[in-house]
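Q:
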Amino acid sequence: MKFITLSLTVGLTFFAPIMGGASEIMAAEAQVIASISGFSGSWVTDDNETIILIEQCDRDPRSFCGYVTKFKPTRKKLENRSICDARLVGGLKPVGNILQNGWVIDPESDSIYNLEISLTQSADKISLRVYQGRKRFGETVIWTRAKNNYAKCNDPS
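Each residue of the sequence shown is one higher than the last, beginning at 1 in our numbering.
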C-alpha cells in the first residue's frame, strides 16, 4: 500500500492510503475536498436562535472555527456588539468525514466543552458531539444549514 500527501489549495494536508494509479489518487483527493467543503458554511443552531459560520480559522488554516453571524439580539447594545463575530467554535481538525479535537463555548454559562462534528447523511445537517471528559457521556445536537450564507458581521463583503 502506498501513501500520498494531498496538499490542497485550502491549506490542508492529508495523508491518504492509495492502492493503484493516478485515477485512484484523483478520486481520493476529490473525496477529501468534498468532505471538507461539507462542513463550511452557515449553520442554524439547535435552538434556532443563532447562525454560526464555520470556515477555516484565520490564524490556523488547517483548523476550522465557528463565528456568530446572526443571533437573537438582547436589550443591551454593547452586549450585542460583543456577540457579533464572536468565535464560539475552534480548534477543529479534519480527519476523514469528521472534524475533531475542537472546542465550543456555551455563551450562556461561559463553559467550554470538547467538540466533534460529523457530516450526516443529509447534506443540510451536521451532528455535533459536545462533551467534557469522556465523549460517551456527552450530548449530540444537530445543526441545520442556513438557507443563506452569512458573512461575518464586520466583513465588508
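Note that CB positions come from ideal geometry on N, CA and C, so glycine has one too. If you're wondering where the values come from, they're calculated on a predicted model, not measured in any experiment.
G38 by DSSP, collapsed to three states: which one?
A: helix
Q: Exposed or buried, what is G90 when buried is set at 16 or more other beta-carbons lying within 10 Å of its beta-carbon?
A: buried
Q: Report, in whole angstroms, the separation of the C-beta atoms of D113 and Q132, which I expect to be a contact under 8 angstroms.
A: Strictly speaking, residue 113 in this sequence is Tyr, with Asp absent from that position. With 8 angstroms as the limit, Y113 and Q132 qualify as a contact, their Cβ atoms being about 6 angstroms apart.
Q: How would you call Y140, buried or exposed, if buried means at least 16 neighbouring beta carbons within 10 angstroms?
A: Checking the sequence, you will find Thr at residue 140 rather than Tyr. By the 10 Å Cβ count, T140 comes out exposed.
Q: What residues match up with Y113 in a beta bridge as DSSP calls it?
A: V104
Q: Please state whether DSSP places V141 in a helix, a strand or coil.
A: strand
Q: Using 10 angstroms around the beta-carbon of Q121, count the other beta-carbons present and answer buried if the total reaches 16, otherwise exposed.
A: Taking every protein chain shown into account, the CB of Q121 has fewer than 16 other CB atoms within 10 angstroms, so this residue is exposed.
Q: Which partner residues of K125 appear in the DSSP bridge assignment?
A: T144
Q: Given a threshold of 16 other Cβ atoms within 10 Å of its Cβ, counted over all protein chains shown, does V95 qualify as buried or as exposed?
A: Classified as exposed, V95 has fewer than 16 neighbouring CB atoms from the shown chains inside 10 Å of its CB.
Q: Could you check which residue in R145, F64, I105 has the C-alpha nearest to that of I126?
A: The shortest CA-to-CA distance from I126 to any of R145, F64, I105 is the one to R145.
Q: When the Cα atoms are used, what is the spatial distance from R136 to R129?
A: 9 angstroms
Q: Compute the Euclidean distance between the alpha carbons of C57 and I83, then round it to the nearest angstrom.
A: 18 angstroms
Q: What would DSSP say about K135, mapped onto helix, strand or coil?
A: DSSP places K135 in helix when its eight states are reduced to three.
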